[in-house]
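Inspection log for the structure reproduced underneath, given as structure tokens.
Protein chains: 2
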Amino acid sequence: MLRSHTCGELSLEHVNQNVVLCGWVQRVRDKGGMVWLDLRDRYGITQLLFEEGKTKTSVLEAARSLGREFVISASGEVIERLSKNDKIATGAIEIRVSELNILNPAKLPPFLIEDETDGGDDIRMKYRYLDLRRNTVRKNLQLRHQVARHTRTYLDELDFIEVETPVLIKSTPEGARDFVVPSRMNPGEFYALPQSPQTFKQLLMVAGFDRYYQIVKCFRDEDLRADRQPEFTQIDCEMSFVTQEDILNTFEGLIRNLFKNVKGLDIPEVPRMTYADAMRLYGSDKPDIRFGMQFVELKGEDSDLVSGKGFSIFDDAELVVGIAASGCASYTRKQVDELTDWMKRPQIGAKGLIYVRYNTDGSIKSSVDKFYSEEDLRQWVEKFNAQPGDLLLLVSGPADKARKQLNELRLEMGSRLGLRNPDDYRALWVLDFPLLEYGEEENRWFAMHHPFTSPKPEDIALLETDLGKVRANAYDMVINGVEVGGGSVRIFERELQQKMFGILGFSPEEAQAQFGFLMNAFEFGAPPHAGIAFGFDRLCSLFGGADSIRDFIAFPKNNSGRDVMIDSPSTIADAQLKELAISVSSDAKQ
Amino acid sequence: MLRSHTCGELSLEHVNQNVVLCGWVQRVRDKGGMVWLDLRDRYGITQLLFEEGKTKTSVLEAARSLGREFVISASGEVIERLSKNDKIATGAIEIRVSELNILNPAKLPPFLIEDETDGGDDIRMKYRYLDLRRNTVRKNLQLRHQVARHTRTYLDELDFIEVETPVLIKSTPEGARDFVVPSRMNPGEFYALPQSPQTFKQLLMVAGFDRYYQIVKCFRDEDLRADRQPEFTQIDCEMSFVTQEDILNTFEGLIRNLFKNVKGLDIPEVPRMTYADAMRLYGSDKPDIRFGMQFVELKGEDSDLVSGKGFSIFDDAELVVGIAASGCASYTRKQVDELTDWMKRPQIGAKGLIYVRYNTDGSIKSSVDKFYSEEDLRQWVEKFNAQPGDLLLLVSGPADKARKQLNELRLEMGSRLGLRNPDDYRALWVLDFPLLEYGEEENRWFAMHHPFTSPKPEDIALLETDLGKVRANAYDMVINGVEVGGGSVRIFERELQQKMFGILGFSPEEAQAQFGFLMNAFEFGAPPHAGIAFGFDRLCSLFGGADSIRDFIAFPKNNSGRDVMIDSPSTIADAQLKELAISVSSDAKQ
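Protein sequence lines, in the order shown, are assigned to chains F and L.
Throughout the first sequence, residue numbering follows the numbering used here, covering 1 to 590 in sequence.
Throughout the second sequence, residue numbering follows the numbering used here, covering 1001 to 1590 in sequence.
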């Protein structure tokens, strides 16, 4: 090795030893004939000391010539520091350098390689290899490695086998968002990159593999948002001869294990909630349950405390629903107006916001007390089970819309009231998703999860009568309001699978052409099976306490799907196009 | 769970327990009022017992109705077997079944799901999910999982970090064998799939990651042979601040660790051999050192024991080289003739084969004793250090050609003499490869490893004078004659890298356009670094004692790059082509 130790491991016990360190120059201070140099590597920072009169002149001069991010090796003796720095692991010692080698000089970096950098997104992406030198980014990738490692350990101990499924697969008409790859050996034909290994993992169950997992790259050619990447990573899992209950227990175990081993946290048991309850109580299929503030309906399917008093907005509404914000009865008029404006922004689109103050003195005041008597309002307050000091915030309208709007408001109030502590982790299973959802535009039914999800046995009869009411054996894991994983018990009989494709608008021929291999496989002894997939990038960002997944990916792409560091995608040579038997449309050429 | 136990875990200690098993019907025997059923899952086989008079009639009838590969669940009591089968783990017990459920019936499989199957390659590939049910194939993938697991454990303990590098990268002109992916968001532009993560792992070193690895899919659009796949997996590694010696020690450690943990074998220390010696002594850069039979030169650079005796073939030859096959002096004329014919086949293309018998009685006989006296031949025998009973086999001609031919003969003789025991594993480091090789057709120099490989410091001056003589800091690991991995100490200075691209025929502009990001990175403080990559599929097949990698890949492609199970690649819709701004050449359409 070029070094005897790393920059993160020397301490008082090494004093008097001769060592060789390698690393990057983080900082040089030159003062009163002394030069101190912070030498950095992945493992830490060690201080090097050069001193006029004690250090060879050539070495001292070399030290003074060094710039930031020069790569050097330095030999010398470990000595105890006079003024120790207990903020870093090596803060008790320094190295009195006797030899110094410049392994590679460095141009001045285009931004500061510090936790708080002065570099904007674009420049940091272009010089990603420099951005990755920053502690914060490096730690994200180290955390990612730990999450992967503990995931594998947990699953290996449960007899799961990691099996690699192919990356060059078949394009499907459902997969409008497939990336495709022209085949040189089969001119005019294309592979597709997998959006998930779904059918392959099911085939592995048919093959008897019993417990499969894979930490695997998946691909989706979607218009990108800040938290989407064209290539992303899943923890993909499947089990045979299990019920939904087994999946929930096994993977609740995984998540608890990860929190324990990666974050040192014992998270509370993971409660379960039906999709219907999640929508009713939180207006979202991924509720943040770090705080309460559950929805209360003043007018809905079961009750009506608002109609017939002359307030036409409520009279006409399908749903009147609200939350009680604790301690907010004291909000000023301005504050309430500001909240109302916030709700009226186009992103949310509420028509307005009705409030009821339940003051600490017990009095009640509302923006609609023109229409409702104090007794009416007291009934509302009771329905909310509100406490003095609470501010009730109500929205109304078509049920779906009102719930969606109130979900936004609830999350906003949770943030404003400091109820969404990022160090507090609350996981939740959401169960019993609808099997199908109707696409108004396309005028047909879509699988809410995917076409391989099984209906709940007790709802199978509804497949003939009321598709919208059929619930699926599907489940999502939600942590702090973020969907981190989801899965389902699968269909494993050919007949039912064929029926599903029919419902989704496939002709029998189309279904057979696209998914015949899977339906055929079901005829040769397919076991009951179920599975789940976790968004690995998202899970890592959650563990890292960050919102964007990009910081947890070594070489991410930007919102146009470009890697600006390597300048990809790019044009390719005509000869290559010719060999692949394709050409670029003339209007795409520049 | 649908089952209480797996089919591989019940033994005498479970007798009298009630259990539920799930699995596939392997075999049913119906004899004298008794029905025995072998139930199979991934973990093993358990015998189920049904007995007239003791088993409920409906259950017995159900058992008799079962076909091969039906998926069932069966409940019953564990009882001790009368006649035990000590070949299987559960052979001491059977299950007296009280309840039987058919979870899924099965059509008759198109081939036998047994270790020795009657299914040909094509049908087994089409029904790969059935082929994967066979013990032998399943065990290959389990072994693969173990190799991956122990690789990660070993590297994790040495502070390596697994970092995922992108799959959608940039096509390079060198990469004529790139698979490309049209970008919808960037019309007319393409991503490429990586042939290896080479530049990214080097950037990770520049980023200070210090020790990187990744078990990663790579892609190469080559005409396929039996042991090549368009997508394959590498164990990809890189280290900073190390010498070649550190790499060799670290990864010799990995391989020894894998043999220990996966095969339970302590393999001998890994010897090292220069490329020059490997070529001189074995005529191959991947010698099989399970046996000796090293080359001996009768005429070469240092010696000449053959010229001037009137045998023009030897007189004119650049090289006369041979091997001594122990105990083969007794070969009949017919045997020798057959060997000669074997060498003359077009695949090898030798003009002939000269032999010298060194008989057990000490006498010497040769096919060329017309030209050479017994004294001459005795000199040859001495040069070979041959023993009585040896058969010397000699080839001659241009040095490269003769060595190549003799390499084939040596391997063949090793096989015929039983010297290539597949359970004997001998690893070898081959070092000091040439940096460059000359492409006669293209009339230019090519990097033998890749353009990022550094020349040996002592040979750098030769870059100006004799490119063919420059040795690289490059190394291959060879096991039993198979190259399982290779790597190099990398160039880490911009200037040298630029010079290399120049030697390889890049203009400075081309080099900058294609690899500017890497050369720029070298200017911002790149550490000395080196790495290696192992062919993971190949390594697994070696551990599994098989020649083809295909059996160690869950869903392989055939020699035309097709997955015949899912029928991929395939045509895609015109709408999709349009969205991707490409079209298929008319001559490729059917």
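The beta-carbon is built from N, C-alpha and C at its ideal position, and this holds for glycine as well.
Query                                                                                                                                                                                           : Result
Contact between the stretch 1541–1554 of chain L and the stretch 137–153 of chain F: three or more CB pairs below 8 Å?                                                                          : no
Going along the chain, which residues of its own chain have a beta-carbon closer than 6 Å to the beta-carbon of residue 289 of chain F, five neighbours each way excluded?                      : 426 and 428
For residue 1554 of chain L, would you say it is in contact with chain F, using Cβ-to-Cβ distances shorter than 8 Å as the test?                                                                : yes
Work out the CA separation of residue 1259 of chain L and residue 1047 of chain L for me, nearest whole Å.                                                                                      : 35 Å
Mind the definition here: the stretch 197–216 of chain F touches the stretch 1121–1136 of chain L only if three or more C-beta pairs lie below 8 Å; say whether that holds.                     : yes
Enumerate in chain order the residues of its own chain whose CB-to-CB distance from residue 1534 of chain L is below 7 Å, with the five nearest sequence positions on each side excluded.       : 1234, 1235, 1484 and 1485
Less than 8 Å between CB atoms is the rule here; does residue 574 of chain F satisfy it with respect to chain L?                                                                                : no
Taking 8 Å as the CB-CB cut-off, is residue 1566 of chain L touching chain F?                                                                                                                   : yes
Strictly by DSSP, which residues pair up with residue 1022 of chain L?                                                                                                                          : L:1073
For a contact defined as C-beta to C-beta under 9 Å, what are the partners of residue 1563 of chain L on chain F?                                                                               : 166, 168, 169, 170 and 191
Would you please verify whether the beta carbon of residue 1209 of chain L is less than 8 Å from any beta carbon of chain F?                                                                    : yes
Do you know whose CA, among L:1200, L:1127, L:1041 and L:1109, lies nearest residue 1556 of chain L's CA?                                                                                       : L:1127
Do you know whose CA, among L:1239, L:1162 and L:1511, lies nearest residue 1213 of chain L's CA?                                                                                               : L:1162
Does DSSP put residue 1512 of chain L in a helix, a strand or coil?                                                                                                                             : helix
Give me whichever residues DSSP pairs with residue 1239 of chain L in a beta bridge.                                                                                                            : L:1211 and L:1530
Hey, is residue 581 of chain F's beta-carbon within less than 8 Å of any beta-carbon in chain L?                                                                                                : yes
Quick one: is residue 1585 of chain L near chain F, going by C-beta distance under 8 Å?                                                                                                         : yes
According to DSSP, what are the bridge partners of residue 1524 of chain L?                                                                                                                     : F:106
Look at the alpha carbon of residue 1315 of chain L and the alpha carbon of residue 1406 of chain L, and state the distance between them as a whole number of angstroms.                        : 19 Å
Can you give the beta carbon distance from residue 452 of chain F to residue 244 of chain F, rounded, assuming they're within the 8 Å contact cut?                                              : Rounded, the Cβ-Cβ distance is 15 Å, inconsistent with contact.
For the stretch 536–551 of chain F, enumerate the residues whose C-beta is nearer than 7 Å to any C-beta of chain L, in chain order.                                                            : none
Going by DSSP, name the residue or residues bridged to residue 357 of chain F.                                                                                                                  : F:365 and F:391
Determine whether the beta carbon atoms of residue 561 of chain F and residue 230 of chain F lie at a separation below 8 Å.                                                                     : yes
Please list the terminal residues of the continuous alpha helix (DSSP H) segment that includes residue 591 of chain F.                                                                          : Lying before the first or after the last residue shown, residue 591 of chain F is absent from chain F, which here runs from 1 to 590.
In chain L, which residues lie less than 8 Å from residue 560 of chain F when you measure between Cβ atoms?                                                                                     : 1185 and 1186
Can residue 215 of chain F and residue 536 of chain F be called in contact, C-beta distance under 8 Å?                                                                                          : yes
Exposed or buried, residue 95 of chain F, counting other C-beta atoms within 10 Å across all chains shown (16 or more means buried)?                                                            : buried
In angstroms with no decimal places, state the Cα-to-Cα distance between residue 1538 of chain L and residue 516 of chain F.                                                                    : 32 Å
According to DSSP, is residue 299 of chain F part of a helix, a strand, or is it coil?                                                                                                          : strand
Could you tell me the alpha carbon to alpha carbon distance between residue 643 of chain F and residue 295 of chain F, rounded to whole angstroms?                                              : An answer regarding residue 643 of chain F cannot be provided, because it is not within the stretch 1 to 590 covered by chain F.
Would you decide whether residue 15 of chain F is buried or exposed? Buried here means 16 or more other CB atoms lie within 10 Å of its CB.                                                     : exposed
Who are the near neighbours of residue 1414 of chain L in its chain, counting only those whose CB is closer than 8 Å to its CB and skipping five residues on each side?                         : 1288, 1290, 1291, 1293 and 1420
What are the start and end residues of the alpha helix (DSSP H) that includes residue 206 of chain F?                                                                                           : 198–206
For residue 1286 of chain L, I'd like the list of residues in its chain whose CB is within less than 6 Å of its CB, leaving aside the five on either flank, ordered along the chain.            : 1478, 1481 and 1483
Give the interface partners of residue 129 of chain F over in chain L, defined as CB-CB distance under 8 Å, in chain order.                                                                     : 1203, 1204, 1206, 1207, 1521 and 1524
Count the other C-beta atoms from every protein chain shown that fall within 10 angstroms of the C-beta of residue 1438 of chain L, then say buried if there are 16 or more, exposed otherwise. : exposed
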